[in-house]
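Novice:
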């Protein structure tokens, strides 16, 4: 993020436990769409990402 996020975005980041991730790249160029996808797929109850299309291979 290039600057502080809006209060709405900050609340979403805090609710999904991603606030610390947003602060890591402070001042770095980032892809907002990629961040949105990660937030949407994050499952705070298991601390994992949900990727329905992913199939583990052995």
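Residue numbers (the working numbering): 157 to 214.
Cβ coordinates follow ideal geometry from the N, Cα and C atoms, glycine included.
Ignoring anything shorter than 3 residues, give me the beta strand (DSSP E) runs that lie fully in the region 167-208, in order along the chain.
Specialist: none
Novice: With a threshold of 16 other CB atoms inside 10 Å of the CB of residue 169, please say whether the residue is buried or exposed.
Specialist: buried
Novice: Do you know offhand how far residue 227's Cα is from residue 185's?
Specialist: Residue 227 lies beyond the stretch modelled for the chain, which goes from 157 to 214, so this question has no answer here.
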